[in-house]
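Numbering (the numbering used here), first residue to last: 6 to 238.
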DNA sequence: GCGACAG
DNA sequence: ATCTTGTCGC
């Protein structure tokens, strides 16, 4: 049967409580480890797709060999939407399904690449930070938009980067804008848990040899969409 | 109070 | 995130 809820016991249901949880868990983020070097071991992409009409959420976790970028293993998890989309509280909407999908993997996840932010967050505890603390795995966030942050335009060539700063917090650096392909809009990288920013940027470039987004994100996005179509219609 | 705002 | 056809380009 598939009647078990996918949402962890005690998962927040109010915005106020969710913010409290972020402030509590934030103290457990590890920001001083360099993180695994790019190209070795495994790397995992996670992403989520929704059908809010039917209250269905599907997460996908795709493990890649970090050297060849070939798929090692795939897993999905289907459940009910646990939280509405609220900017700054995305983790409470996405993580229950992501944790379930990761739990179905048999291969070691290695570094996990999230679709969204880590440190670059109003309270410095985005999706990637949250997932890292809950799993203990090294995590990074690669987002498609600058959210509320400011950045200079990186150089036009692949590999160019610029600072992503929080103007509200005195221009504190919270991540990097990274050009992964010549002349293509940059992605926005921030650290999650147990990975340094330079390492996170290196992983992002290594994972995006051909397209703007990392292969991890592309594979996970594709898989959760297919799984949602199959679960719904 | 108003507007902006990862996915 | 999601709603959606064709179209320009490698």
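Yeah, the Cβ is synthetic: ideal placement off N, Cα and C, and Gly gets one too.
Excluding its 5 nearest sequence neighbours in each direction, residue 93 has C-beta neighbours in its own chain below 6 Å: 127, listed in chain order.
C-alpha of residue 115 to C-alpha of residue 184: approximately 24 Å in a straight line. Taken through DSSP and simplified to helix, strand or coil, residue 224 comes out as helix. The stretch 139–150 makes contact with the stretch 115–125; the number of CB pairs closer than 8 Å reaches 3 or more.
Closest by C-alpha distance to residue 86, out of 12, 31, 65, is 12. If you check the CB distance, residue 201 and residue 191 do not come in under 7 Å. DSSP, read as helix, strand or coil, puts residue 180 in strand.
For residue 204, the enclosing alpha helix (DSSP H) starts and ends at 202–212.
The beta carbon of residue 44 lies closer than 8 Å to those of 71, 72, 211 in the same chain, with the five residues before and after it left out. Contact between residue 52 and residue 174 does not hold, since their C-beta atoms are separated by about 29 Å, which reaches or exceeds 8 Å. If you draw a straight line from the Cα of residue 167 to the Cα of residue 76, it is about 31 Å long.
Straight across, the Cα-Cα distance linking residue 180 with residue 158 is about 14 Å. The three-state reading of DSSP puts residue 18 in coil, since its state is none of H, G, I, E or B. In the structure shown, residue 165 adopts coil according to DSSP, grouped into three states. Around the beta carbon of residue 143, a 10 Å sphere encloses 16 or more other beta carbons of the protein chains shown; the residue is thus reported as buried. The residue from 238, 153, 41 with its alpha-carbon nearest to that of residue 209 is 41.
For residue 87, the secondary structure class from DSSP, reduced to helix, strand or coil, is coil.
Note on residue 96: 16 or more other CB atoms within 10 angstroms of its CB, so buried under the neighbour-count rule.
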